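The block underneath contains the structure these notes are about, expressed in structure tokens.
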Amino acid sequence: MGDWSRLSTGQWNLGLELKTESLPTMQNTAPSGSVTVAESPSDRASDFRAVRDGTELHSGAVLLVEAYAAIWVILFAFVWLTHRRQRSLDQRITQLEQALDKARKESS
Amino acid sequence: MPRRLAPQDIVFAGLFVLAILLTIGAIEFVFLRAPIEAHMGIIQKVFYFHVPSAYAMYLGATGCFVGSTAYLYKGSDKHDAIARAGAETAVVFGIIVMVTGPLWAIKAWGQYWTWDPRLTTSLLSVLIYVAYMVLRAFGGDGEAERKFAAALGFLGGANLPIIHFSVQKWSGQHPKVIGRGGGGLHHPDMRIAFAMGMIAFTFLAAILFWSRLRIALAHGRLVEAEHRAMELGIGAQD
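Taken in sequence, the protein lines are chains A and B.
The opening residue of the first sequence carries number 1 in the numbering used here; numbering runs sequentially from there.
The opening residue of the second sequence carries number 109 in the numbering used here; numbering runs sequentially from there.
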């Protein structure tokens, strides 16, 4: 069994510091608001404090707008592809009409 | 003299107007009326478009399945056109599901993607219909290619129940709110927003399916006319 009393006396400080350094994502993406950090390694071991006035890691509102925008971009892309396909059909119909006109003139 | 509108044009115009009105109504309810969900926050509002998109994908996939099965049985151009329009509709709404889902997941789960059974089977289904479209676009328009595409459409349809029941059979992370075993939407405005989203996407899927079906049918008639012209020695198409 481990000696949990060492946790409060700061004897496990080295291990706790290594764990903190192994979380670069949390450090790199720290919010821009004022951050309350522990005063010393022993404080970090004994309590966790929330970021105050910070922003979320992923803003729900921004993600919602992105999702909503994506829906309409995809639908408009589909309409554009439909238009391209119609244009292709129009070209082939025009070619067929020209060929028919040419054949009619030759036969007359 | 103005051309008289055919009954199908009137029906299409009606569907189009209804789709626009319902989409506007759904947007109003989703963003202005439906409350913010207690646990997930505002990102939960993706639900009101994500689930209807998945449902619209099912509709397109069902159209493809019916058209493909009928084509394998009877081999008519009309059934091939139905299958093709259904596959295209399924791809459009499938891509919407595959884009909106991860944007929701990064907030709810902390990651864009997991190999959850429902996510995996949905991705597989979208890839089947993408393969169908690629085959039709680049594989030629012969009888063999059409039959192979119809087999793909049949396979995609067989995957639909697997997607639907994957959450119940294999659990996974994907939430189950609607239907048997789901907790449901607790606020009445949430239910209205969801219902409006479902109806709006049904009409949207219907008009997209119809417009692509008409193009596919017109393409079939054009190919037929070109063949006849070539038999008479007129022009040389393609």
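Virtual Cβ for every residue (Gly too), placed ideally from N, Cα, C.
Keep in mind the model is a prediction, meaning the values are calculated, not measured.
Secondary structure of glycine 183 of chain B (DSSP, three-state): coil. For glycine 149 of chain B, the beta-bridge partners assigned by DSSP are B:Glu145. Taking the beta carbon of tryptophan 318 of chain B as reference, no residue of chain A falls within 9 Å; the closest one sits roughly 11 Å away. Contacts between histidine 58 of chain A and chain B, judged by CB atoms closer than 8 Å, involve Ile214, Lys215 in chain order. In this structure threonine 208 of chain B touches valine 154 of chain B by the C-beta definition: roughly 5 Å separates them, less than 8 Å.
About 6 Å separates the beta carbons of leucine 330 of chain B and isoleucine 93 of chain A, which is inside the 8 Å limit, making them a contact pair.
Of all residues in the stretch 75-86 of chain A, only Leu75, Ala77, Phe78, Val79, Leu81, Thr82, Arg85, Gln86 come within less than 9 Å of chain B when Cβ atoms are compared, listed by chain position.
A residue is called buried once 16 or more other Cβ atoms fall within 10 Å of its Cβ, and lysine 215 of chain B is buried on that count. Under the three-state reduction of DSSP output, tyrosine 166 of chain B falls in the helix class. Counting only runs of 4 or more residues that sit fully inside the stretch 187-254 of chain B, the alpha helix (DSSP H) segments are 225-246, in chain order. In the three-state DSSP reduction, isoleucine 270 of chain B falls in the helix class (H, G or I). In the three-state scheme derived from DSSP, where H, G and I count as helix and E and B as strand, glycine 343 of chain B is classed as coil. Closer than 7 Å at the C-beta level to chain A, one finds no residue of the stretch 225-239 of chain B. Distance from the CA of threonine 170 of chain B to the CA of glycine 60 of chain A, rounded to the nearest whole angstrom, comes to 33 Å. Contact between the stretch 263-283 of chain B and the stretch 114-132 of chain B is not established, with fewer than three Cβ pairs separated by less than 8 Å. Looking at the backbone, the Cα of leucine 129 of chain B and that of proline 296 of chain B are separated by about 21 Å.
Under the Cβ criterion of 9 Å, lysine 105 of chain A is not counted among the residues facing chain B. Look at proline 283 of chain B here: in three-state DSSP terms it is coil, with no helix or strand label.
Cα atoms of glycine 218 of chain B and aspartate 188 of chain B: separation of roughly 43 Å, rounded to the nearest angstrom. Within chain B, no C-beta atom comes less than 8 Å from the C-beta of glutamine 91 of chain A; the nearest is roughly 11 Å away. Boundaries cannot be given for histidine 295 of chain B, as no alpha helix (DSSP H) includes it and DSSP labels it neither H nor E. In this structure the stretch 133-145 of chain B does not lie against the stretch 220-235 of chain B, because fewer than three pairs of beta carbons, one per stretch, are closer than 8 Å. Between glutamate 196 of chain B and chain A, the shortest Cβ-Cβ separation is below 9 Å. Contact between the stretch 315-334 of chain B and the stretch 77-95 of chain A is established, with three or more Cβ pairs separated by less than 8 Å.
Here serine 108 of chain A carries a coil assignment [DSSP, helix/strand/coil].
About 7 Å separates the CB atoms of leucine 100 of chain A and alanine 337 of chain B; that is less than 8 Å, so the two are in contact. The alpha carbon of alanine 164 of chain B has as its nearest neighbour, out of B:Ile135, B:Ala193, B:Ala198, the alpha carbon of B:Ala198. Contact annotation, proline 160 of chain B with glycine 264 of chain B: C-beta distance approximately 20 Å; criterion of less than 8 Å not satisfied. Listed along chain A are Ala67, Tyr68, Ile71, each with a C-beta nearer than 9 Å to that of phenylalanine 157 of chain B.
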